[in-house]
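Undergrad: Numbering (UniProt numbering), first residue to last: 1 to 296. No residue lacks a Cβ here, since even glycine has one placed at the ideal position from N, Cα and C.
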């Protein structure tokens, strides 16, 4: 391992890295050592290609795309999720030859939203991240394919889904684990036509976008996820003019005293709930409840 870090080009060129049991050691090599080796090699050892075309560190894949490559490796790199890696791979000398040339032409047609390109893309069996992004955004992609893409391991498909005009409940549900891991896409999806219950859920990932106006356009039955969301959403929820008794009761048990205090200030509290807040352990809550419900 020390040799790999100090003399990466020489050490990593050793075929011993392909022996059974070497995988754990490969994972422990630093990205900087791998990058130095790739940049140094005139030609990348073939036994490294399968690992490097999907290496998590984009600069390594970028350096790889500049090297002499066999077609099977370039087919993977022209589908890279990183636009810079993809651009270099598309400009590779081998990219002007088949089968890579036809694949790039297919991508360009898909980027234009060409309906004739879609059947070819759907039939292509060696889909990489970029083709999946293009399928996720194409307006003609069938719902069952969209569901498959949403459930797949590729986290980059969110880029494609974020460019669709509308998204179904089923697709959004399948995408949810990815959205929780990449909440930055919630803002883009909120600009789309989506069912109200998922619109409300998306605000739990982007609470800074929630406003009283947003709240006024969401049906109450869609708002329960806000009860487990950031405190900003729960405070906003207390301002809803027509909350059900169930939501009021749940807000009155909020762990944050500031939220319970806002509930205590509402004049429309049922008697039992009003008494509960008058007896709240937090002084600020009791004070607000007395001011509203026991005026002197």
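I need the DSSP call for residue 61, collapsed to helix, strand or coil.
TA: Residue mapping note: residue 61 aligns to position 61 of the chain shown, counting from 1. In this structure, residue 61 counts as helix in the three-state DSSP scheme.
Undergrad: Among 212, 123, 167 and 178, which has the Cα closest to the Cα of residue 190?
TA: Within the chain shown, residue 190 is the residue found at index 190, counting from 1. Ranking 212, 123, 167 and 178 by Cα distance to residue 190 puts 167 first.
Undergrad: When the Cα of residue 107 is compared with those of 129, 89 and 134, which residue comes out closest?
TA: Within the chain shown, the letter at position 107 stands for residue 107. Comparing Cα-Cα distances from residue 107 to each of 129, 89 and 134, the minimum goes to 134.
Undergrad: List the endpoints of the continuous alpha helix (DSSP H) containing residue 123.
TA: As a first step, residue 123 is located in the chain shown; it is residue number 123 there, counting from the start. Where residue 123 is concerned, the enclosing alpha helix (DSSP H) stretches over 117-123.
Undergrad: For residue 197, collect the residues of the same chain with a Cβ closer than 7 Å to its Cβ; drop the 5 residues on either side in sequence, then sort them by chain order.
TA: As a position in the chain shown, residue 197 is number 197, starting the count at 1. Contacts found: 222.
Undergrad: Does chain C have any CB closer than 8 Å to the CB of residue 198?
TA: Absent from the structure is chain C; it holds one protein chain and no more.
Undergrad: Measuring CB to CB, does residue 158 end up less than 8 Å from residue 185?
TA: Position 158 of the chain shown, counted from the start, is the residue given in the question as residue 158. Position 185 of the chain shown, counted from the start, is the residue given in the question as residue 185. Yes, the Cβ-Cβ distance between residue 158 and residue 185 is below 8 Å.
Undergrad: I'd like to know if the region 147-161 and the region 113-122 are in contact, where contact means that at least 3 CB-CB pairs between them fall below 8 Å.
TA: Because the criterion of three Cβ pairs below 8 Å is not met, the region 147-161 and the region 113-122 do not touch.
Undergrad: Hey, residue 37 and residue 9 are a contact pair by Cβ (cut 8 Å); roughly how many whole angstroms apart?
TA: Taking the chain shown and counting its residues from 1, the one referred to as residue 37 is at position 37. Taking the chain shown and counting its residues from 1, the one referred to as residue 9 is at position 9. At roughly 5 Å, the Cβ-Cβ gap stays under 8 Å, so residue 37 and residue 9 are in contact.
Undergrad: Considering only the beta carbon of each residue, do residue 205 and residue 183 sit closer than 8 Å?
TA: As a position in the chain shown, residue 205 is number 205, starting the count at 1. As a position in the chain shown, residue 183 is number 183, starting the count at 1. Yes, they are a contact pair.
Undergrad: Enumerate, from N- to C-terminal direction, the unbroken alpha helix (DSSP H) stretches of 4 or more residues contained entirely within the region 228-279.
TA: Segments of the alpha helix (DSSP H) lying fully in the region 228-279: 231-237, 245-251, 257-264 and 271-278.
Undergrad: Given a threshold of 16 other Cβ atoms within 10 Å of its Cβ, counted over all protein chains shown, does residue 211 qualify as buried or as exposed?
TA: For the purposes of this step, residue 211 is taken as the residue at position 211 of the chain shown. Under this definition residue 211 is an exposed residue.
Undergrad: Helix, strand or coil for residue 164, going by three-state DSSP, please let me know.
TA: Reading the chain shown from its first residue, position 164 is the one you call residue 164. Three-state DSSP puts residue 164 in coil, outside helix and strand.
Undergrad: By the three-class DSSP mapping on this structure, what secondary structure does residue 345 have?
TA: Residue 345 falls outside the range modelled here, since the chain spans only 1 to 296, and no answer is possible.
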